[in-house]
Ligand code: SF4
């Protein structure tokens, strides 16, 4: 039974969100980072939870099968996709840690026990698989992962620290990462820290090393500040302001050139003018140019330059059964790419077979086209898996799905922490009690609240529909700024 409360103006306090600026004190973190990993299992209400980092979301079909086997044998038979393109196993038994670690080792999914939680790397999932010109961010991810795991210093990063490697389309650059590499059309790569839109430019060959150096520089400033900051945006202002300059200085000390020599004008389609060879001029600030605004991959077929088709599919509420997961692994001809939007890219499908494979995946319950009412709908774990949850949000979200589709992404949360909520504009449906929710639109300069039905002292069956309609209306709320 559902009911919507009158909307309020909830303050987003996702665990990955920074506290309001005014609330930042010298020490923003009083305790260590308890972020779960593949070895450090979290005790949830439905059993142990393991979070496996997948740099760039990459997973060979054999590794995917190994994960399905682990979920089936040790967990609850499901795999959850996270908002960072990682995978979680839930419902694990209290004594299965050693067997899980052994299985992951054997599959090549645990290259470093000391660094397993800091391998948080997202990358543009369609890079090289669609017609857009793109940088090889999957190569950067592999190189950065190797550098991270080889750096004793990097082991001190928080499990929440995020790298985003954007091939130039602007999709993962919008995810609010701590270090972002953004490929430019002139062939250079901008190294950004936190919300800075400016940053030094380096060559693609130096980009992974520059990203690691930026992260290590953050650690130095975080330690100097005594703040215990886990993320760049948590640095006290006086230290945060100095980060970009410190990164530039670190790059120079490491012999990484930050002066990029642009292609000669007219040497390539779409080439942007830049400082001429030998000009010696320092590139201007990136803030002078608008960011590319790439969209996350929509569900459906994507023609690839090599003549094959990549299939983009999404998981309902971010959760797959082992049977669905195995179907994806079987269909792929190359590494799967788990996306930060709770989808999977299946590469290398023969064009003649693509339609039939998509049909099979749709019949199995996966989202294969943007018109699906499940597209854009997310939910946290909620009850019964999370002790903090005030409602069974997954059941409530599923019950509301049939009442509308399209519009803004919507995320259902069991409490005000809003775990895994999307970036940008989104509809925030947050439980305030059993079957009671606040609904608002987040991500605007001014959050827009929607009109929901009045609370009822006794819940009525038709309120279920009223809540679903209120959510559907919020998803199509026009921008009023
Ligand atoms: S109820 Fe949901 S939002 Fe709240 S802590 Fe649990 S998983 Fe996170």
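In our numbering, the protein residues as written are 103 to 583.
The beta carbon of each residue, even a glycine, is placed where N, CA and C say it ideally should be.
- Here the distance from the Cβ of residue 491 to the nearest heavy atom of the ligand SF4 is below 7 Å.
- Taking C-beta atoms as the reference points, residue 229 and residue 220 fail to come closer than 8 Å.
- For residue 422 against residue 431, the beta-carbon gap comes to about 11 Å, at or over 8 Å, which does not count as contact.
- DSSP places residue 320 within a helical segment (H, G or I) once states are collapsed to three.
- Excluding five sequence positions before and after residue 181, the CB atoms of its chain that fall closer than 6 Å to its own CB belong to 173, 189, 422 and 427, given in chain order.
- Between residue 289 and residue 346, the C-beta gap is not smaller than 8 Å, which leaves the two residues out of contact.
- Counting along the chain, the unbroken beta strand (DSSP E) around residue 190 starts and ends at 189 to 194.
- The way I'd put it, the segment 458 to 471 does touch the segment 412 to 420; three or more beta-carbon pairs between them come closer than 8 Å.
- Shortest Cα-Cα distance from residue 311 to any of 350, 497 and 245 involves 245.
- For the set 501, 148 and 344, the Cα lying nearest the Cα of residue 179 is the one of 148.
- Counted as a single uninterrupted DSSP element, the beta strand (DSSP E) harbouring residue 180 occupies residues 180 to 183.
- Following the DSSP letters along the chain, one finds residue 294 inside the beta strand (DSSP E) bounded by residues 291 to 295.
- When the alpha-carbon of residue 510 is set against those of 528, 504 and 497, the nearest one is in 528.
- Set against 7 Å, the gap from the CB of residue 482 to the closest heavy atom of the ligand SF4 is smaller.
- CA-to-CA, the gap between residue 525 and residue 339 works out to about 23 Å.
- According to DSSP, residue pairing for residue 530 in a beta bridge involves 513 and 542.
- Here the alpha carbons of residue 226 and residue 264 stand approximately 14 Å from one another.
- Secondary structure of residue 414 (DSSP, three-state): strand.
- Between residue 442 and residue 224 a beta carbon distance of about 5 Å is seen, short of the 8 Å cut, so the two are scored as contacting.
- In this structure residue 256 is buried. Its beta-carbon is surrounded by 16 or more other beta-carbon atoms within 10 angstroms.
- Per the DSSP secondary-structure output, residue 153 pairs in a beta bridge with 190.
- Taking C-alpha positions only, residue 282 is separated from residue 196 by approximately 37 Å.
- Residue burial annotation: residue 336 is buried, with at least 16 other C-beta atoms found within 10 angstroms of its C-beta.
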